[in-house]
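Single-structure report; data block below.
There are 2 protein chains.
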Amino acid sequence: MNTALMDRETLDFLLYDFLDVESLCARPRYQEHSKDTFRAIMDTAERMAADYFSPHAHEADEHEPRLVNGKVEMIPQVGAAIEAFASAGFLAAVHDAEMGGLQLPVSVSQACFALFRSANTPTSAYLFLTAANANLIKAYGSDEQKRRYLPALLSGKWLGTMALTEANAGSSVPDLRSTATPLGNGCYSMRGTKIFISGGDHELSENIVHLMLARLPDAPQGARGLSLFIVPKHRVRPDGTPGEHNDVSLSGLIHKMGYRGTTSTILSFGENGACVGELIGEPNRGLQCMFHMMNEARIGVGMGSAVLGYMGYRHALEYARTRTQGRHPDQADFSLPQVPIIEHADVKRMLLASKAYVEGGVALCLAGARLADDARTAPEETGRRDAGMLLGLLTPIIKSWPSQFCLEANNLAIQVLGGYGYTRDYPVERLYRDNRLNALHEGTHGIQGIDLLGRKAGADEGHAMRLLGQRISSTIDRAKNCGRQSLCAHAAQLEREWSELGHTTDVLTCELKRDRRKALANASIYLETAGRTVVAWIWLEQALAALRAAERSARGMAFVSGKIAACDWYFKCELPRNAAQHALLRRLDGTAMDMRAEWF
Amino acid sequence: MNTALMDRETLDFLLYDFLDVESLCARPRYQEHSKDTFRAIMDTAERMAADYFSPHAHEADEHEPRLVNGKVEMIPQVGAAIEAFASAGFLAAVHDAEMGGLQLPVSVSQACFALFRSANTPTSAYLFLTAANANLIKAYGSDEQKRRYLPALLSGKWLGTMALTEANAGSSVPDLRSTATPLGNGCYSMRGTKIFISGGDHELSENIVHLMLARLPDAPQGARGLSLFIVPKHRVRPDGTPGEHNDVSLSGLIHKMGYRGTTSTILSFGENGACVGELIGEPNRGLQCMFHMMNEARIGVGMGSAVLGYMGYRHALEYARTRTQGRHPDQADFSLPQVPIIEHADVKRMLLASKAYVEGGVALCLAGARLADDARTAPEETGRRDAGMLLGLLTPIIKSWPSQFCLEANNLAIQVLGGYGYTRDYPVERLYRDNRLNALHEGTHGIQGIDLLGRKAGADEGHAMRLLGQRISSTIDRAKNCGRQSLCAHAAQLEREWSELGHTTDVLTCELKRDRRKALANASIYLETAGRTVVAWIWLEQALAALRAAERSARGMAFVSGKIAACDWYFKCELPRNAAQHALLRRLDGTAMDMRAEWF
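If you read the protein sequences in the order shown, they are chains A and B.
Quick note: the first sequence uses my numbering, first residue 1, plus one each step.
Quick note: the second sequence uses my numbering, first residue 1, plus one each step.
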């Protein structure tokens with residue numbers, strides 16, 4: 001078993017059987033594509049991830065970037081990987097062919113990216129940040145800005161960041177204090193210190209393009225006074241080459257638990273009053289622009305988390321199949337050979353739970369990417385609008401559910417390997433450490449919970465929730481008529497669960513109008529409960545897709561039986577955990593909220 | 001707030017209000033002690049932990065032991081800490097005064113040790129291993145062995161290990177292969193390779209005393225053919241000083257996720273046929289002797305885990321009280337100052353859950369230590385026997401519950417600190433990494449689950465479970481009559497939960513006789529469910545103890561309110577998670593067991 005990369009059949013199943021991405025080729029934007037071109041691109045991604053990304057994953061963790069004479073030093077393989085990725089055109093995966101892009105659907109590009117993430121998440125982070133940065137400039141930049149920055153970014157000659165967080169305002173974006181003062185020539189003098197800026201400084205590219213949130217003079221307080229600026233590390237000369245240093249200085253590297261291959265930096269902008277930025281988008285609308293990047297980043301975080309969990313599962317599976325240890329509890333004869341630990345019920349339980357989490361997580365994120373495709377290219381306007389609303393509703397779940405449960409798969413992978421899993425000779429502890437970041441960056445669980453319950457679930461009188469309900473109902477109907485008793489039972493269970501979630505949502509959105517603080521007090525638990533329900537739907541869809549694939553002989557029996565078994569486990573052992581949470585949420589439990597700081 | 005050590009008031013409350021250790025002073029063994037001597041010893045421990053252990057905790061993690069010219073090199077502060085601890089007599093904390101011991105109750109000594117663990121778990125591990133090693137030699141050694149080894153071990157001149165695990169037999173002790181061949185002079189020639197031996201090699205002491213499991217020639221297969229041997233690193237000369245090298249060689253250091261300050265080693269015994277060991281205890285009874293050490297080690301693991309979780313909670317609490325960030329969800333005025341994050345409901349929820357886990361965990365382990373005191377010194381023989389049985393039943397829970405839920409407190413501590421918690425500038429990620437070991441060593445959750453369900457719960461027709469039931473009933477009766485409505489409600493809930501657990505236990509122990517493999521398939525879930533119920537009992541007892549202390553004005557109102565609130569949270573938000581697990585266990589769910597290896 002190849003444990004260096006994500007399993008290709010899992011991705012192919014999701015793309016072709018679960019999401020039917022082939023049907024996208026009927027849309028004008030993708031008419032040059034076919035299953036063959038998708039496959040060829042995935043083949044390239046697979047080869048490149050194996051050749052350039054996977055081999056240095058361990059070394060990058062053991063030798064994190066260091067500051068030497070004011071410059072960031074790192075192992076050279078990172079630069080080689082970035083060059084290979086960029087030269088194959090993956091940075092422009094979703095961009096127009098006329099701009100040199102591959103013009104891929106988001107779903108297919110995310111599947112490609114999953115291969116790179118699986119090989120080496122920290123190295124690929126530089127690239128995904130750059131791609132997201134370029135996407136934002138493409139969406140909001142002036143023609144001049146696009147001309148100046150996009151070719152360099154999409155070719156990987158320059159890399160990009162998002163410079164959002166400040167030390168005094170981690171989760172509280174409205175409190176950002178960096179400033180931008182007009183210079184009179186259409187440019188701005190930037191000042192401020194940003195922290196936790198991934199890829200914020202390095203010698204991997206001749207320039208680094210920061211997208212920085214800052215305040216114009218006299219801007220309103222709060223988030224509505226934030227504007228977005230393009231601030232390169234080196235100023236750009238008229239001929240497009242990087243010129244003098246733009247007074248963006250590295251104040252320090254941050255040393256992290258994991259994700260060590262990605263530099264995380266503290267950056268000072270304009271310490272000498274010589275940092276120049278360009279406004280991108282409308283003044284005071286910076287956060288909306290940033291959210292364009294951030295929503296994409298949040299799907300990326302979910303996918304990254306699911307893939308890291310998946311890799312933990314994959315290593316645990318390989319270990320459990322080959323490591324022999326002990327015998328069955330009813331075998332007292334010690335002359336019998338020891339059995340592979342995958343035969344032990346408790347190990348099977350951990351692996352099956354992991355399979356349900358990670359394959360559920362990857363499917364959830366790719367389903368989100370498919371909604372992004374529909375939001376962009378569905379034939380009807382209502383189809384595009386509905387897909388966009390549904391994706392907005394699901395984004396906090398896509399960000400959070402894998403960050404919690406696929407991380408649990410990493411935890412279980414350590415447990416399956418036992419003492420060996422705790423050593424740095426095996427990758428499972430590194431994968432855990434890498435994944436632990438995902439519950440924190442791009443908005444913690446707490447922030448996502450408030451987004452889901454406070455902004456999304458009740459919006460437009462629950463329109464997005466109704467759209468989700470329609471999709472779920474359709475799955476339930478198909479499952480009830482699929483002729484397979486276990487799936488029929490799961491369909492009935494999902495129907496009840498969805499109705500429970502609706503009831504709980506009503507109680508909470510009603511309370512939102514009365515006492516917002518109280519209604520949001522358990523928003524994180526609501527997020528987890530809603531996520532668990534949504535992933536049940538995803539699993540039922542996967543089981544149905546597996547049966548369809550079996551009918552067409554597209555997948556083997558072992559593969560299909562595995563999907564059905566993971567779906568069974570999810571419905572029997574995971575979904576029932578919701579009941580206690582619904583009860584807690586509906587009684588508007590105030591135990592935590594009523595706790596006083598001085599009682600701790 | 002002092003975050004370097006565990007909070008003393010928490011320990012004092014547990015010792016004096018919750019466990020009434022003062023009453024032990026009426027027993028002959030402890031009659032020289034009083035609350036004053038206990039306090040004085042705790043004061044010394046506190047001072048010493050702060051001066052010698054806490055200051056190098058971070059540095060020991062960043063600079064793990066290295067192999068340099070065949071010797072293990074580590075930061076010098078470790079040696080200084082060990083010397084200080086030993087010279088204060090803590091290695092002989094529970095030993096007889098006539099041997100130079102402090103003759104402390106186990107419960108008081110565990111509270112002392114908790115202070116050292118809280119300051120620096122990896123450094124203190126060398127000491128607890130040595131203490132356990134000495135305890136075993138005291139229990140099973142010949143007079144000559146005691147004379148030869150105990151004074152050196154108890155003074156810290158020599159340190160000790162337990163050399164159990166081999167690469168081919170991690171959890172499967174019956175498959176150990178090391179051998180011991182009689183030399184004719186009463187000694188044995190030892191051969192074998194041991195792995196994951198903590199403290200297995202270093203330059204901290206002039207000798208290292210390994211307790212090694214190995215097989216005599218013609219010994220029966222399985223665990224019944226294991227004997228225990230004392231194998232020093234250097235042979236002991238007749239005058240008691242360490243002599244020539246005993247052919248125990250270091251094959252390698254193991255590099256771990258955390259717990260980095262403690263060397264973990266691969267040791268080769270007898271590579272040159274010159275490794276000499278002495279049998280300790282009866283031939284082929286080595287595992288029973290080892291279990292004497294291991295049961296103590298398992299309480300130690302539980303306590304270590306609870307303390308590491310506690311320290312994560314304590315750092316998170318300090319951070320949450322001082323870090324300001326954002327405003328309440330119903331406050332849209334950004335000119336208002338940001339609030340300390342402890343005011344946010346979601347942060348309070350994480351802190352309250354952590355408090356319930358870690359204070360529940362520490363209380364559980366100290367209650368176990370108190371049972372060890374009763375097993376040794378209760379006035380009546382039945383009291384001693386019952387306490388021993390109860391401790392045996394609770395040991396797998398004491399080992400596992402904190403390793404799971406106090407580890408979750410470490411996870412929550414990272415979450416409370418957000419991005420900062422993920423950096424190595426704050427200790428919370430290190431505490432997580434250190435604690436992750438505890439679910440693995442001294443028997444994984446899987447092993448503990450089989451111990452609880454397969455060996456303990458049904459033994460003697462459920463005698464130990466009935467003893468536990470009597471204790472729980474007594475708590476329930478007192479809570480129902482305590483005059484506080486919430487505790488009265490919790491008592492009724494615990495009564496139902498205990499009856500649910502009894503029902504589930506009956507179903508499973510009945511199935512054990514029919515189909516052992518099936519009955520044990522979900523033993524880990526049984527372990528978690530039983531643990532959750534037991535800790536509910538511990539919390540109800542803690543709440544009652546807090547009320548008693550308040551009546552006597554021994555504790556302030558904030559302290560008492562905090563205990564009541566954590567108890568409330570546990571009953572309202574944690575205990576209800578059992579319902580789904582009881583349903584799964586009672587239907588003998590076979591989803592995981594029926595999964596086939598080839599379907600993954």
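A virtual CB, placed ideally from N, CA and C, is assigned to each residue, including glycine.
Check, Outcome
"Just to confirm, does PHE128 (chain A) get its C-beta within under 7 Å of one of the non-hydrogen atoms of the ligand GTP?", "The model depicted lacks the ligand GTP and carries no ligand whatsoever."
"In chain B, which residues lie with their C-beta within 8 Å of the C-beta of GLU598 (chain A)?", "ALA558"
"Below 6 Å CB to CB, which residues in the same chain sit around GLU497 (chain B) once its five sequence neighbours on both sides are set aside?", "THR533"
"Would a check of beta-carbon distances place SER171 (chain A) closer than 8 Å to chain B?", "yes"
"With distances taken from CA atoms, which of B:ARG384, B:SER172, B:GLY186, B:MET190 is nearest PHE334 (chain A)?", "B:SER172"
"When the Cα of PRO340 (chain B) is compared with those of B:PRO402, B:LEU317, B:VAL358, B:LEU5, which residue comes out closest?", "B:LEU317"
"List the residues of chain A that THR591 (chain B) touches, going by C-beta distances under 8 Å, in chain order.", "LEU352, ALA565, ASP568, TRP569, LYS572, CYS573"
"Please list the partners that LYS355 (chain B) has in chain A, where partner means a Cβ-to-Cβ separation under 7 Å.", "PHE600"
"Which residue from A:ARG430, A:PRO576, A:LEU407 puts its Cα closest to that of HIS63 (chain A)?", "A:ARG430"
"In chain order, what residues of the same chain lie with their CB nearer than 7 Å to the CB of ASP506 (chain B), ignoring the 5 residues before and after it?", "none"
"Got a sec: is the Cβ-Cβ distance from SER335 (chain B) to anything in chain A below 8 Å?", "yes"
"Can you tell me which of B:PHE13, B:LEU391, B:TYR432, B:ALA387 puts its alpha carbon nearest to the alpha carbon of SER403 (chain B)?", "B:TYR432"
"Could you spell out the range, first to last residue, of the beta strand (DSSP E) harbouring PRO242 (chain A)?", "242-245"
"Where DSSP assigns a beta bridge to THR179 (chain A), which residues make up the other side?", "A:ARG191, A:ARG215"
"On the three-state DSSP scale, how would you describe ILE472 (chain A)?", "helix"
"Measure from the C-beta of LYS399 (chain B) to each C-beta in chain A and report whether the shortest distance is under 8 Å.", "no"
"Return no unless some Cβ of chain B is closer than 8 Å to the Cβ of ARG321 (chain A).", "yes"
"Taking PHE196 (chain B) as the query, report the chain A residues whose CB atoms sit under 7 Å from its CB, ordered along the chain.", "GLY419"
"In this structure, what does DSSP give as the bridge partners for PRO340 (chain A)?", "A:THR324"
"Establish whether the CB of LYS348 (chain A) and some CB of chain B are separated by less than 8 Å.", "yes"
"TYR422 (chain B) CB to nearest chain A CB: under 8 Å?", "yes"
"LEU575 (chain B): which of B:LEU512, B:LEU544, B:ALA492 sits nearest, CA to CA?", "B:ALA492"
"Where does LEU104 (chain B) sit, in a helix, a strand or coil, going by DSSP?", "coil"
"So which residues on chain A does THR395 (chain B) lean against when the C-beta distance must stay under 9 Å?", "Correct list: empty, because the minimum Cβ distance to chain A is about 19 Å."
"Helix or strand or just coil, what does DSSP make of MET99 (chain A)?", "helix"
"Which chain A residues are close to THR444 (chain B), counting only those with a beta carbon under 8 Å from its beta carbon?", "GLN415, GLY418"
"Measure from the C-beta of ASP477 (chain B) to each C-beta in chain A and report whether the shortest distance is under 8 Å.", "no"
"Could you name the residues of chain A that ASP218 (chain B) contacts, counting a contact when the two beta carbons are closer than 7 Å?", "Those within 7 Å of ASP218 (chain B) in chain A number zero; the least Cβ separation is about 15 Å."
"Is the shortest distance between the beta-carbon of LEU366 (chain A) and the beta-carbons of chain B less than 8 Å?", "no"
"Which class does GLU500 (chain B) belong to by DSSP, given the choice of helix, strand or coil?", "helix"
"Verify whether the separation of the beta carbon atoms of ALA93 (chain A) and GLY101 (chain A) is less than 8 Å.", "yes"
"Using only the alpha-carbon positions, how far apart do ARG27 (chain B) and ARG516 (chain B) sit?", "44 Å"
"Along the chain, which unbroken stretches of the alpha helix (DSSP H) at least 4 residues long are found entirely within the region 550-588 of chain B?", "557-569, 578-586"
"If you measure from the beta carbon of ARG602 (chain B) to each beta carbon in chain A, is any gap under 8 Å?", "For residue 602 (chain B) there is no data in the structure shown, the boundaries of chain B being 1 and 600."
"Quick one: Cα of GLY222 (chain A) to Cα of HIS210 (chain A), how far?", "22 Å"
"Candidates B:ASP36, B:GLU83, B:LYS35: which alpha carbon is nearest ASP51 (chain B)'s?", "B:GLU83"
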